[in-house]
Amino acid sequence: MHMAGAPSQLELFDYKPELQKLDGQVCPSEFLEGKRFAFITGVPKLLGPAWPFHREKQTGLWISSLLPKFEKHLDKVCMIHTMQTDQFNHAPAQLLVHTGSQNLGAASFGSWVTYGLGTVNENLPGFIVLLSGGTNPDGGKSLWGSGFLPSVYQGVQCRSEGDPVLFLKNPPGVTRELRGEMVDRIRKINQRAYEDLGDPETLTRIAQYEMAYRMQASATDAFDISQEPPDIHALYGTQPGRESFANNCLLARRMVERGVRFIQLFDWGWDTHGTGDDNSVGKGLKRKCDQIDQPVSALLTDLHQRGLLEDTLVVWGGEFGRTPMQENRAGMEMAFKGRDHHPSAFTIWVAGGGIRGGCSYGETDPIGYNPVGEGVPVRDLHATLLHLMGMDHKRLIYPFQGLDQKITGVKPVRVLDKILA
Numbered sequence: 106m107h108m109a110g111a112p113s114q115l116e117l118f119d120y121k122p123e124l125q126k127l128d129g130q131v132c133p134s135e136f137l138e139g140k141r142f143a144f145i146t147g148v149p150k151l152l153g154p155a156w157p158f159h160r161e162k163q164t165g166l167w168i169s170s171l172l173p174k175f176e177k178h179l180d181k182v183c184m185i186h187t188m189q190t191d192q193f194n195h196a197p198a199q200l201l202v203h204t205g206s207q208n209l210g211a212a213s214f215g216s217w218v219t220y221g222l223g224t225v226n227e228n229l230p231g232f233i234v235l236l237s238g239g240t241n242p243d244g245g246k247s248l249w250g251s252g253f254l255p256s257v258y259q260g261v262q263c264r265s266e267g268d269p270v271l272f273l274k275n276p277p278g279v280t281r282e283l284r285g286e287m288v289d290r291i292r293k294i295n296q297r298a299y300e301d302l303g304d305p306e307t308l309t310r311i312a313q314y315e316m317a318y319r320m321q322a323s324a325t326d327a328f329d330i331s332q333e334p335p336d337i338h339a340l341y342g343t344q345p346g347r348e349s350f351a352n353n354c355l356l357a358r359r360m361v362e363r364g365v366r367f368i369q370l371f372d373w374g375w376d377t378h379g380t381g382d383d384n385s386v387g388k389g390l391k392r393k394c395d396q397i398d399q400p401v402s403a404l405l406t407d408l409h410q411r412g413l414l415e416d417t418l419v420v421w422g423g424e425f426g427r428t429p430m431q432e433n434r435a436g437m438e439m440a441f442k443g444r445d446h447h448p449s450a451f452t453i454w455v456a457g458g459g460i461r462g463g464c465s466y467g468e469t470d471p472i473g474y475n476p477v478g479e480g481v482p483v484r485d486l487h488a489t490l491l492h493l494m495g496m497d498h499k500r501l502i503y504p505f506q507g508l509d510q511k512i513t514g515v516k517p518v519r520v521l522d523k524i525l526a
């Protein structure tokens, strides 16, 4: 679950009482000299947490008042407080989080997973993408693209409103038997083209036609959340037929049940710069948390009650975090409380699928600016998630341009053993 725009860790998960005391004071120069920011110029003021925190009794983890329903699941969750990226603009940072590279052309994490593990449901795509928030994430469709991997492994974006896939139904006068005959003849033509030219994309085309035919029956059923009983709709807060993060969370559970290997949810609108009250770490952040708190809690509850959470890895986060100082755009103090982009330390949480629940990994300094000790680069997270899914990142390779490509790149990376159950 990717919150596009980057949720503020200092309002949600990483409580800093010292920063709260320093709220409104001029930022010390040591945090500004030699640093690059997306928008901050001049000397900004420190920005304390806009919402109160408290310790959850069972785990002792700090949690914001903005997520009261999610709080009930902290015993299943591990917070990683020292995530780091080397990108501070949205599109390249999202690309790095999802493909291991800030540049276009690399394969997405979901594509690597389906390449490595295959699928257990031949009637549905192995990698499904669901969007909410009104628009695409800044990184665009490359965030679920297959890059240099065969395109059969790319994510299939499904519509969040109306029919999940356009043209899924046969047009008037075309029976399923006739459509099957058409697909079979097209397959024979494509197979002959492949034998003549050897282009692997021809095989992808064959697979896509056959997948579309099989999906006509199974996908219509799988994406119909109106079949769910009233208590499930009340649990998630869903409204069938509408675009919403809640609907997508329920769809995600239905996909997990049907053996879809990788489900990616994007929710846009988390970029709280304070350019207006509805875009602040106050009112703006609360609006987004109100939209996701119940569905995220419901998804964890539902997976747990159905016995699926143990074998399902759930990941929540964004592309970076927020600065401990308020944004000063053009050197001017903003009218509303907002932040700048912060790549040095932010929080992602993981649950289920072999994760040790009720714990946190890493610690940041008293104002949440830098990690205390070693941070967690994005590629370390990738290596850890692959390990949890039974794959060795050093052996999950694909030959391209004379190199054995890996999502974790060529630099040494580590598996975060301390978060494993």
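Each residue of the sequence shown is one higher than the one before, counting from 106 in the working numbering. Even for Gly, the Cβ is constructed at its ideal location relative to N, Cα and C.
Would you please state the rounded distance, in angstroms, between the beta carbons of residue i and residue j? I believe it to be under 8 Å.
i: S449; j: H186; result: No, S449 and H186 are not in contact; Cβ-Cβ is about 12 Å, not under 8 Å.
i: T309; j: P255; result: 6 Å
i: T452; j: D119; result: 5 Å
i: A351; j: Y341; result: 5 Å
i: T377; j: L390; result: 5 Å
i: G205; j: H446; result: In fact, because the Cβ distance is near 20 Å, the residues do not count as touching under 8 Å.
i: W217; j: L501; result: 6 Å
i: E415; j: E348; result: Their Cβ separation, rounded to whole angstroms, is 31 Å, which puts E415 and E348 out of contact at 8 Å.
With C-beta atoms as the reference, is residue i less than 8 Å away from residue j?
i: D128; j: G463; result: no
i: F193; j: E432; result: no
i: W534; j: G423; result: Lying outside 106 to 526, the shown extent of the chain, residue 534 is not represented and no answer is given.
i: L200; j: S247; result: yes
i: I472; j: K121; result: yes
i: W373; j: A109; result: yes
i: V401; j: C354; result: yes
i: N226; j: R359; result: no
i: S113; j: V386; result: yes
i: G381; j: F425; result: no
i: N241; j: R319; result: no
i: P547; j: E123; result: This structure does not reach residue 547, given that the chain is present from 106 up to 526, and the question cannot be answered.
i: H195; j: L370; result: no
i: K150; j: V131; result: yes
i: Y258; j: I291; result: no
i: G436; j: G139; result: no
What residue from the options has the CA that sits closest to residue i's CA?
i: V261; options: R366, D191, E438; result: R366
i: G412; options: D243, G436, G458, N384; result: G458
i: L166; options: K511, A198, M184; result: M184
i: N208; options: Y258, F214, A198; result: A198
i: A339; options: Q399, Q506, L117; result: Q399
i: I524; options: V481, K511, I502; result: V481
i: E479; options: L521, I512, G507; result: L521
i: I368; options: A403, P504, F214; result: F214
i: K388; options: L171, S134, L152; result: L171
i: K499; options: K511, T489, G507, Q506; result: K511
i: A456; options: G139, F175, S169; result: F175
i: G434; options: G379, L508, Q396; result: The sequence as given places Arg at residue 434; Gly does not occur at that position. Comparing Cα-Cα distances from R434 to each of G379, L508, Q396, the minimum goes to G379.
Identify every residue that forms a DSSP beta bridge with residue i.
i: I145; result: R434
i: W249; result: Paired residue(s): none; W249 is not in a bridge.
i: S265; result: According to DSSP, which records beta bridges pairwise, S265 is partnered with nothing at all.
i: K140; result: Bridge partners of K140: none, in fact.
i: P482; result: Q189
i: S169; result: F158
i: Y503; result: Q510
i: L235; result: C263, L370
Inset, instruction - Check whether the region 223-242 touches the region 279-290, taking contact to mean three or more Cβ pairs, one atom from each stretch, closer than 8 Å. - result: With a cut-off of 8 Å, the region 279-290 and the region 223-242 do not count as touching, because too few Cβ pairs lie within range.
Inset, instruction - Report yes or no: do the region 488-496 and the region 202-222 share at least 3 C-beta pairs separated by less than 8 Å? - result: Yes, since at least three Cβ pairs between the region 488-496 and the region 202-222 fall closer than 8 Å, the two stretches touch.
Legend entry - Cβ contact (3+ pairs, closer than 8 Å) linking the region 320-339 and the region 289-305: Result no; under three Cβ-Cβ pairs closer than 8 Å.
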